[in-house]
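All residue numbers for the sequence shown refer to the working numbering, where the first residue is 1 and numbers rise by one.
Here the structure is laid out as structure tokens; the discussion comes afterwards.
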Amino acid sequence: MRKLRHDDIPLLEEILVATGSFTDAEVAIALELLETVLNDPNQQDYEVAVADIGDHVAGYALFGPVPLTEGNYDLYWIAVSPTSQGSGIGRRLMKHVEEQVRQRGGRLLCLETSSQGGYVRTRKFYEQAGYVEESCIRDFYKTGDDRLTYVKRF
Numbered sequence: 001m002r003k004l005r006h007d008d009i010p011l012l013e014e015i016l017v018a019t020g021s022f023t024d025a026e027v028a029i030a031l032e033l034l035e036t037v038l039n040d041p042n043q044q045d046y047e048v049a050v051a052d053i054g055d056h057v058a059g060y061a062l063f064g065p066v067p068l069t070e071g072n073y074d075l076y077w078i079a080v081s082p083t084s085q086g087s088g089i090g091r092r093l094m095k096h097v098e099e100q101v102r103q104r105g106g107r108l109l110c111l112e113t114s115s116q117g118g119y120v121r122t123r124k125f126y127e128q129a130g131y132v133e134e135s136c137i138r139d140f141y142k143t144g145d146d147r148l149t150y151v152k153r154f
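Below, the structure is given as structure tokens:
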């Protein structure tokens, strides 16, 4: 795992698009957050871990503390290149984030995802990593698309 670099941005955009999991608007937000991490050295809301396989970028995770809480963190984004999926990169990224949260005294790591069928594999990944569905807000994203919040407690 390593920190984000400027030359990672186009590669991470390719990964976000190639997964087919994110809308254009979601990709734009993800890129905006990556730019924030790179261009605002005073920000303390987000941290990025980048995973490489050999000399190419295989995925990344973006996480940070939840403001006004004690020991709560959010995993905002995790994405792995389709060509690297199934190689353990996602698990390595998740473990890295969890280690970072624990080192900072974190007690909860939360993430949210959609209830839509296209996210079945994503939800299974979270559940296999020990995350538990803590809440469901019906029709959150749009009618028929619920927000599911998963939590891991430390």
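Backbone N, C-alpha and C define an ideal beta-carbon position, used for all residues, glycine too.
Per the coordinates, the alpha-carbon of D45 lies some 14 Å from the alpha-carbon of G106. If you ignore the 5 residues before and after A61, its C-beta comes within less than 6 Å of the C-beta of A49, I78, L93, V97, all in its own chain and listed in chain order. With a cutoff of 8 Å on beta-carbon distance, I9 and L31 are scored as near each other. In the displayed model, A58 falls within a strand according to three-state DSSP. Scanning the segment 10-96 from its first residue to its last, the whole alpha helix (DSSP H) runs of 4-plus residues come out as 24-39. When secondary structure is reduced to three states using DSSP, T143 falls in the coil class, being assigned neither helix nor strand.
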